[in-house]
Structures are given as structure tokens and as C-alpha cells.
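Protein sequence lines, in the order shown, are assigned to chains A and B.
This note's numbering puts the first residue of the first sequence at 107, with every later residue one more than the last.
This note's numbering puts the first residue of the second sequence at 107, with every later residue one more than the last.
Every residue gets a Cβ at the ideal spot worked out from N, C-alpha and C, and that includes glycine.
Structure record follows, encoded as C-alpha cells.
2 protein chains.
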Amino acid sequence: MKQKITIKTIAKELGVSTSTVSKALKDSHEISKDTKDKIQAYANLYNYKPNSLALQLRTQKTKVIGVILPKIVHHFFSTVIMGIEEVANKKGYNIMVCFSNESYKKEVETLKVLSNGSVDGLIVSIANETLKNKDFKHFLDLVSEEIPLVLFDRVVDEILCDKVVVDDVGAGYKASKHLLDNGRKKIALITTPKHVNVGTLRRQGYEKALIESYIKTDTNLIIEIEEDLDIKKQIEKVFEQDIDGVFAVNEIYAANAMRIAKEKGLKVPDDISIIGFTDGLISEYSSPSITTIAQHGFTMGQQAVELLIERIENETDTFKPKKIVISSDLKLRESTKSSS
Amino acid sequence: MKQKITIKTIAKELGVSTSTVSKALKDSHEISKDTKDKIQAYANLYNYKPNSLALQLRTQKTKVIGVILPKIVHHFFSTVIMGIEEVANKKGYNIMVCFSNESYKKEVETLKVLSNGSVDGLIVSIANETLKNKDFKHFLDLVSEEIPLVLFDRVVDEILCDKVVVDDVGAGYKASKHLLDNGRKKIALITTPKHVNVGTLRRQGYEKALIESYIKTDTNLIIEIEEDLDIKKQIEKVFEQDIDGVFAVNEIYAANAMRIAKEKGLKVPDDISIIGFTDGLISEYSSPSITTIAQHGFTMGQQAVELLIERIENETDTFKPKKIVISSDLKLRESTKSSS
DNA sequence: AAAATTCACGAAATCGGTTTCGTGTTGACA
DNA sequence: TGTCAACACGAAACCGATTTCGTGAATTTT
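Have a look at this one:
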């Protein structure tokens with residue numbers, strides 16, 4: 107890289123001190139107009155840009171927010187990033203993005219790297235493996251170092267920090283209730299393993315809705331998907347039973363369910379209703395289009411970053427973690443159109 | 107944030123100089139074993155982490171790569187990011203991600219912010235608006251400052267730097283040839299406005315394939331989509347004509363075409379074949395699934411970072427821009443299954 | 001026993017800025 | 001003419017590390 111022009115260069119060239127240059131560039135009243143003009147002209151001519159590292163070292167602020175996501179090729183997470191970036195930028199922050207790839211080890215490493223002062227705070231959604239392990243030491247360390255931290259979507263109670271989540275129980279309830287209202291009785295639930303708490307919460311909503319309709323939960327209709335195995339094959343199993351509705355906790359599961367239904371000769375939504383989660387492009391463009399629960403990832407990102415910046419800039423000694431719950435909406439599409 | 111422990115703190119507490127501490131922590135031979143043990147024990151106990159800003163200021167290296175994308179809620183770009191992050195991390199770099207949102211102004215601002223020393227180099231895919239304006243001054247400035255820069259996918263010849271692109275002409279040819287081989291004669295092309303060069307290049311491939319089959323290009327069959335307007339309505343127009351094949355330059359256009367075909371009562375692939383671009387989830391999960399040209403975003407990301415890091419770490423005075431062309435593959439699916 | 005090494009550590013410069021505190025010069029005022 | 005304030009600028013400390021060079025003491029060599 108080309109040798110950058112510094113304040114020192116300017117000072118030497120113009121025969122003044124570095125303090126004068128610094129002040130002149132900030133239009134300080136201490137410096138005479140003549141000198142200011144001269145210095146500013148020189149700086150412009152040579153396209154002087156203050157070295158941000160020097161500033162950061164002095165102020166101990168990087169104006170950077172670290173974001174750690176389990177993955178990115180995923181409609182929900184990429185939407186969240188958009189929300190984060192938008193607000194962060196508006197407030198003068200940049201974002202450093204890392205991915206845990208659902209791996210505990212990578213999450214620990216990334217957290218360590220980012221917490222050495224490269225960022226002012228962190229926004230994280232916990233990796234699957236970490237949730238499974240239930241080992242949150244790396245997060246607890248972060249909290250005890252008092253590095254501002256906001257968790258979103260995949261959060262746990264053990265970590266004392268600000269959180270942004272969707273109303274998963276309510277969303278699960280809404281989705282299931284919608285199917286019940288459509289006259290469906292034998293509703294399959296395609297969910298995640300229990301350690302993924304969002305899945306568990308959505309299941310609670312599902313069970314609540316069933317109970318309200320005096321339907322007994324049939325564990326044969328509930329299937330927990332192992333992501334490492336063939337997803338479609340796992341979902342096919344639940345179709346061996348007599349079902350008339352499917353509630354899938356994400357859009358990939360929903361799309362797979364739809365495909366299987368078609369292969370089995372079932373008509374959607376006439377013979378079977380399908381509802382998904384995460385309002386992504388698959389749901390929108392599949393045919394029939396899939397009714398989903400919209401998670402409002404964009405809003406989540408915005409809220410998370412606002413919480414974080416609030417925490418960064420207003421260092422209150424009284425630490426009371428906040429939890430923001432984003433309500434979710436039913437996005438009605440063809441896959442649950444009541445035939446009546 | 108909690109007061110961080112510095113080398114100075116350790117020095118004072120242990121009654122030695124900061125240089126001794128620094129050397130002891132790096133296990134220098136200059137320091138006696140006793141002193142080293144004492145200092146290292148203290149550092150571990152209080153969880154000392156060197157301030158990365160101080161290091162960066164000293165070495166003038168941030169070990170951060172800036173990435174500017176037009177958008178992120180998009181299969182191709184999120185895949186590229188994955189590729190970038192993977193290689194960058196492996197080589198000890200982190201990535202700072204920004205979005206231009208296809209806006210010229212935001213691109214200029216972002217470029218300015220990132221080029222003040224916060225990153226060692228940049229990977230960029232140019233915003234649509236910038237391509238339209240043909241105003242690349244901000245990039246030329248970057249180049250003249252000799253800040254390492256790699257452009258990918260949306261690149262222009264005016265900017266002298268390393269580039270990674272897909273073989274767009276070849277890909278367009280492959281896609282069109284595939285339709286022709288399927289016996290299609292009246293193939294519509296759904297592309298972007300001319301200023302988006304990838305669209306133009308793919309069109310060249312399309313025209314080349316037609317010419318080879320002695321088919322005259324019919325401009326009525328070519329439609330350039332304005333993203334600001336209703337996409338579906340624009341595509342519907344081309345369906346007013348008698349067509350038996352559609353080549354869409356991205357998967358959203360392809361998905362829309364499929365939907366319209368169905369609405370018109372056309373059977374895919376019996377009555378009409380459809381082929382898209384970008385091997386995303388929509389193509390995979392729509393029904394029938396859509397044949398596409400796979401762009402290998404992951405590979406592009408990897409290659410781009412490797413070029414960039416090479417440029418960052420081996421400052422050669424002889425600057426010869428490299429251009430890597432990634433070949434694309436046809437991913438055969440149901441939407442072009444030949445009925446024969 | 002004197003000279004030469006080795007050892008173990010500290011002082012100070014450096015990276016590129018900001019900021020506090022002085023200080024010499026000028027002008028105004030009594 | 002002496003005093004005092006305003007003005008315009010510089011010296012130096014500071015942020016948190018690294019690194020070069022120097023130095024006193026201990027040890028080895030001759």
C-alpha cells in the first residue's frame with residue numbers, strides 16, 4: 107500500500123507543529139484563519155484521511171459491532187443482518203460478521219478473537235452445537251468482562267444479557283390454531299431436536315392449541331429432524347400416518363413436506379394443509395405458495411442493535427437485562443386456503 | 107465496559123518495566139525463567155489479552171477485510187460471503203461487511219469509511235446504480251491509493267484491479283443451447299437492463315446459441331426487467347407471444363415465469379421449458395424444480411479472498427491485475443426435462 | 001586479578017492522532 | 001509606560017503495545 111499521509115507529514119511540510127495541524131483540521135478557534143486555510147488546503151490537496159486506528163486507540167472505541175451468526179445462507183439470518191446493518195450504519199457503526207457454522211468450537215474461537223477489543227459490543231445467535239452441549243462459559247466470560255452483548259432468536263436464560271426473541275410459543279400456537287380452524291384434526295409437527303429451544307417453544311404453542319381443541323397430543327405425529335441426516339427421508343416417515351395438516355418450524359421442512367405430499371398424491375390445500383415458519387422466498391414462490399409465520403427478522407436485527415448501542419453508549423452501572431419479544435404474524439397463502 | 111488489564115498494570119503490580127512484561131509474555135530468551143513465570147502467571151490469572159488496536163496501530167495491519175455487497179437477502183451473495191469468510195478466517199482475517207443496497211451514494215460513503223485504514227483490503231460487487239451512472243471515481247481513487255481491491259461478479263473494465271467473474275457468456279450460451287437441444291425454438295430471454303453487464307454478457311451467450319442454430323434473434327422475445335416496477339407484470343408481457351422456452355438470468359425471474367406459465371395453463375416442461383440462473387433454494391424447491399446455471403458463489407468468494415490476501419501480503423511493485431473466470435455448470439432439473 | 005562476555009532488565013522511541021497546559025507576542029487600557 | 005488579557009501556536013503527555021539499544025551486575029576467560 108502507498109505511504110499514507112499523516113499529520114506529521116503536513117506539520118513538517120508546512121513548518122508547524124502536529125498540534126497545530128490537528129487543531130486546524132478540526133477548525134479550532136485557537137488557530138488563526140490564515141494557518142487554518144493553509145493547512146486545510148494542503149490536507150485536501152493530498153487527500154489526508156485521519157488514521158482511524160490511532161483514533162480508536164485513543165478513545166478506546168472502535169465503532170464496530172461484532173455479529174456472530176450460525177449461518178448466513180438462510181433467509182431469516184440474512185434478513186436480520188440487513189436490519190442490524192441499517193441501524194448500525196445510521197448510528198455510525200460498522201459491523202464485523204462472523205459465522206459459527208453451528209459449531210461450538212468456532213463460536214468459542216470467534217468470540218475470543220472479537221472480544222480482544224476489536225469491537226465495542228456483540229450480537230449473537232447461539233450455535234446449535236452449543237445449545238446441545240449447554241456449555242456457555244465463553245458467553246459468561248464475556249458478560250463478566252462487561253462487554254456489551256445482545257443475544258437474539260436462539261437465546262438461553264443462563265446468560266445474563268439483553269435479548270431479542272420472537273414470541274415462539276405464541277407463534278406456534280397461532281400456526282396450529284390456524285390449521286385447527288381450517289378443520290384439520292391430525293396435525294403433524296415437524297420440529298427440531300429438543301435442545302434447540304426455539305423448536306421446543308413452538309412445540310409448546312402447538313400443544314397448547316391442541317389441548318384447547320380437546321385433541322390429545324400424539325407423539326407419533328411429532329418428528330424431530332436431525333439436520334445431519336437426510337431431511338426428506340425423516341419427514342416422509344410422518345406421512346406414513348394418516349394426517350391432514352403439517353406445521354413445520356421452518357420453511358425448508360415445510361417445502362419438503364409439500365413435495366412429499368404431492369408425491370403421495372395428496373392435494374394441497376384440499377387434502378392436507380401445510381404451514382411453515384420464516385417468511386422466505388421458498389414459501390412465496392413454491393406452488394402452491396406456503397402459509398407461514400413471518401418472523402420479522404429485519405425488525406429483530408434493528409431492535410438488537412438498538413439495545414446494544416444503548417448499552418455501549420450509556421454505561422449504566424445498574425445492569426438490568428432487557429428482553430424484547432417481537433410478535434409474529436400469520437402470512438396467509440395458498441397452502442392453507444380453506445376449501446369451504 | 108470493565109477496565110481492561112494492560113501491560114502497564116502488570117508492570118506496575120510486579121515492579122518491572124513494560125518492556126520486560128512484553129518480552130516475558132512472548133517467552134523471550136532475554137528474560138529469566140523466574141520473571142517469566144511470575145509475569146505469565148499474573149497475566150493468566152487476570153486474563154490479560156493484548157489490546158489489538160495497539161498492535162494494529164503499530165503494524166499498520168488490521169487483519170480485516172472489507173466486503174461491500176449490493177444486497178444480502180439473496181442466495182448468490184450470501185453464498186459468496188460464506189466462501190469469503192471461510193478462507194479469510196483460515197488465514198487469520200476477519201471480515202467487515204457492508205451493503206450498498208444497490209445505491210451509488212451508499213457505496214461511495216461505505217468505501218470512504220472503510221478505506222481510512224480500518225481494513226487491509228476490499229472485496230466489492232458493484233451496485234446497480236453505479237453501473238448505470240458509470241461513475242467509478244470512488245473506485246479509481248481507491249486504486250490510486252493502492253488499497254488492495256478485488257471486484258467480483260459485477261465488474262467493469264475501467265477499474266484496474268483483480269477480478270473474479272463467472273463465465274457469463276459461456277453460461278448464457280450453455281443455458282440457451284440446452285433449451286435448443288430440447289427442441290425449443292421460440293425462447294424468451296428475461297434479463298436485466300443493459301447497464302448490468304452480467305445480464306448483457308449472458309445475453310451475448312444467448313444470441314450466440316441462437317445464431318448457431320440459425321435462429322434469428324427476435325427482440326420481442328427479449329425483456330429487460332426494471333427492478334423498481336412490478337416484476338411479474340413485466341414478465342407477463344412476453345408470455346403474450348407464442349413461446350416455448352424461457353431463459354431467465356436469475357432465479358426470481360425464473361420462478362415468476364414458471365408461475366405465469368402455470369396460470370396460463372401451460373405445462374412445464376411439456377409445453378414450455380424454463381431455465382434460470384443462480385442455484386438457490388427457490389429453484390430447488392419449486393415444483394417442478396427449475397433447471398439452472400449454478401454460479402458457484404462459494405468458490406467465487408474463496409477465490410476473491412485468496413487473490414486479495416495474496417495482494418495484501420505480497421506487495422509486489424509490478425502490478426498486473428488478475429482475472430479469474432469461474433466456469434458455471436448446468437444443473438438439470440424438472441423444468442427442462444425433455445418429454446421424449 | 002583484570003578483561004571480556006553473558007545475563008537480565010530498563011529507558012526511550014515508535015505507530016498517528018488528541019488534548020492540556022504553557023509561553024512568547026501583540027494590542028489595549030489605565 | 002507598565003499591566004493585563006487575548007491571541008496563536010508549540011511541547012509534551014497519552015492511548016497500549018513492540019523493539020532497539022544501553023547498562024549494571026554476574027560470570028567466565030586469560
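May I have the straight-line CA-CA distance separating residue i from residue j, to the nearest angstrom?
i, j, result
"SER446/B", "ILE293/A", "Bear in mind that the predicted position of SER446/B carries a pLDDT of just 49, short of 50, making it unreliable; the figure below should be weighed with that in mind. For SER446/B and ILE293/A, the distance between alpha carbons rounds to 40 Å."
"GLY374/A", "GLU440/A", "Checking the sequence shown, residue 374/A turns out to be Val, not Gly. C-alpha separation (whole angstroms): 8 Å."
"ALA233/B", "LYS428/B", "21 Å"
"SER231/A", "ALA281/B", "39 Å"
"ASN303/B", "ILE329/B", "15 Å"
"LEU372/A", "LEU228/A", "47 Å"
"GLU136/B", "ASN150/A", "47 Å"
"LEU307/A", "GLY276/A", "9 Å"
"ARG260/B", "GLN409/B", "15 Å"
"LEU438/A", "PRO394/B", "22 Å"
"GLU235/B", "ILE331/B", "14 Å"
"PHE425/A", "GLU252/A", "10 Å"
"LYS144/A", "ASN157/A", "21 Å"
"ALA147/A", "THR115/A", "14 Å"
"ILE183/A", "ILE321/B", "First, the residue type needs correcting, since residue 183/A is Phe and not Ile in the sequence shown. Between PHE183/A and ILE321/B, the C-alpha separation is close to 45 Å."
"LEU335/B", "LEU161/A", "45 Å"
"PHE273/B", "ALA130/A", "According to the sequence shown, residue 273/B is Asp rather than Phe. Rounded to whole angstroms, ASP273/B to ALA130/A spans 52 Å at the Cα level."
"TYR154/A", "THR126/A", "15 Å"
"GLU333/B", "LYS338/A", "35 Å"
For a cutoff of 9 Å on Cβ pairs, would you count residue i as touching chain A?
i, result
"LEU387/B", "yes"
"ASN150/B", "no"
"GLN166/B", "yes"
"LEU163/B", "yes"
"LYS155/B", "yes"
"MET188/B", "yes"
"ALA160/B", "yes"
"ALA354/B", "no"
"LYS110/B", "yes"
"MET107/B", "yes"
"THR424/B", "no"
Taking only beta-carbon atoms, is residue i less than 9 Å away from chain B?
i, result
"VAL230/A", "no"
"GLU235/A", "no"
"GLU251/A", "yes"
"CYS267/A", "no"
"PHE205/A", "yes"
"ALA400/A", "no"
"GLU421/A", "yes"
"HIS181/A", "yes"
"MET202/A", "yes"
"ASP247/A", "yes"
"GLY223/A", "yes"
"THR442/A", "no"
Can you give me the Cβ contacts of residue i inside the same chain, cut-off strictly under 7 Å, excluding the 5 residues immediately before and after it?
i, result
"ALA363/B", "ILE296, ILE341, VAL352, ALA354 and ILE380"
"ASN239/A", "TYR210"
"ASP348/A", "LYS292"
Report all residues from its chain with a CB closer than 8 Å to the CB of residue i; omit the five preceding and five following residues, and keep chain order.
i, result
"VAL170/B", "TYR199, ASN200, ILE201, MET202, SER224, VAL225 and ASP226"
Go through its chain and collect everything with a Cβ distance to residue i's Cβ below 6 Å, but skip five positions before and after it.
i, result
"ASP133/B", "none"
"ILE378/A", "ASP350, ALA367 and LEU372"
"HIS402/B", "ILE432"
For residue i and residue j, which I take to be in contact (beta-carbon distance under 8 Å), what is that distance rounded to the nearest angstrom?
i, j, result
"GLY311/A", "TYR359/A", "That pair is no contact at about 16 Å."
"GLY382/A", "GLU419/A", "Actually they are not in contact, since the Cβ atoms of GLY382/A and GLU419/A sit about 38 Å apart, beyond 8 Å."
"LEU163/A", "LEU159/B", "5 Å"
"ASP241/A", "TYR210/A", "7 Å"
"MET406/A", "VAL256/A", "Not quite, the Cβ-Cβ distance comes to about 10 Å (not below 8 Å), so this is no contact."
"THR398/A", "HIS181/A", "Between HIS181/A and THR398/A the Cβ distance is about 10 Å, and since that is not below 8 Å, they are no contact."
"ILE415/A", "LYS197/A", "6 Å"
"SER444/B", "ASN288/B", "5 Å"
"THR168/A", "LEU285/A", "Between LEU285/A and THR168/A the Cβ distance is about 48 Å, and since that is not below 8 Å, they are no contact."
"ILE113/B", "THR124/B", "5 Å"
"ILE190/A", "VAL173/A", "6 Å"
Just checking residue i against the ligand ATP - is the residue's beta carbon closer than 8 Å to any of the ligand's heavy atoms?
i, result
"GLN146/A", "Questions concerning the ligand ATP fall outside what the structure shown contains, since it holds no ligand whatsoever."
Can you give me, in chain order, the residues of the stretch 366-396 of chain A that have a beta carbon less than 7 Å from any beta carbon in chain B? Per Cβ criterion, the list reads LYS368, LEU387, ILE388, TYR391, SER392 and SER393.
At a Cβ cut of 8 Å, what residues of the stretch 275-293 of chain B count as close to chain A, listed as they run along the chain? Within the stretch 275-293 of chain B, no residue qualifies.
Below 7 Å between beta carbons is the criterion; list the residues of the stretch 307-319 of chain B that meet it against any residue of chain A, in chain order. The stretch 307-319 of chain B vs chain A, Cβ under 7 Å: nothing.
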